[in-house]
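Participant: Just passing along the structure, written as structure tokens.
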Amino acid sequence: MSAIETVTKALELARARLNTAPNFEIFSSAVTQLEYVLAVLNGNERDKSRLKNIIVGHFAVREFEESDPEFAEALMTVQALAAKMAKGLKV
1 MSAIETVTKA
11 LELARARLNT
21 APNFEIFSSA
31 VTQLEYVLAV
41 LNGNERDKSR
51 LKNIIVGHFA
61 VREFEESDPE
71 FAEALMTVQA
81 LAAKMAKGLK
91 V
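Just so we're aligned, residue 1 is where the sequence shown starts under full-length UniProt numbering, counting upward by one.
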């Protein structure tokens, strides 16, 4: 799966969960962060400086690892991609 496909899948999962709990800030924050990572990957966002501030992996471990392992795995994968991108590595 490509990086864009990986982030898109995580974003779909996050949006689905946000739809079920629209007031849950972690879902809202995850969607915003995933949209940013996807925009960087697509070339629509040139400012990559915020990649180092992506914390969806922390959400995954702290909030979802046991209760929603599919979502947690998707978020942790995106966290790893964002960390590589922040260091200037190709993904």
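Here a beta-carbon is modelled for each residue, glycine too, at the ideal position from N, C-alpha and C.
Tell me which residue opens and which closes the alpha helix (DSSP H) that residue 15 is part of.
Facilitator: Numbered from its first residue, the sequence shown carries residue 15 at position 15. 3 to 20 is the extent of the alpha helix (DSSP H) around residue 15.
Participant: Is it buried or exposed for residue 61, if we count other Cβ within 10 angstroms and need 16 for buried?
Facilitator: Against the sequence shown, residue 61 aligns to sequence position 61. Answer is exposed; the Cβ neighbour count stays below 16.
Participant: Which residues in the same chain as residue 41 place their Cβ atom closer than 7 angstroms to its Cβ, once the five residues preceding and following it in sequence are excluded?
Facilitator: Taking the sequence shown and counting its residues from 1, one reaches residue 41 at position 41. Leaving aside the five residues that flank residue 41 on each side, the residues in its chain whose CB is nearer than 7 angstroms to its CB run, in chain order, 3, 4, 7.
Participant: How about residue 75 and residue 57: do their beta carbons lie closer than 8 angstroms?
Facilitator: As a first step, residue 75 is located in the sequence shown; it is residue number 75 there, counting from the start. As a first step, residue 57 is located in the sequence shown; it is residue number 57 there, counting from the start. Their beta carbons are under 8 angstroms apart, which means residue 75 touches residue 57 by this criterion.
Participant: Which first and last residues belong to the alpha helix (DSSP H) in which residue 94 is found?
Facilitator: In the structure displayed, the chain extends from 1 to 91; residue 94 sits before or after that span and is not available.
Participant: Within a Cβ cutoff of 7 angstroms, which residues of the same chain sit near residue 14, ignoring the five residues on either side of it in sequence?
Facilitator: Residue numbering aside, residue 14 sits at position 14 when the sequence shown is read from its first letter. Counting only Cβ-Cβ distances below 7 angstroms, and skipping sequence neighbours, we find 27, 30, 31, 34.
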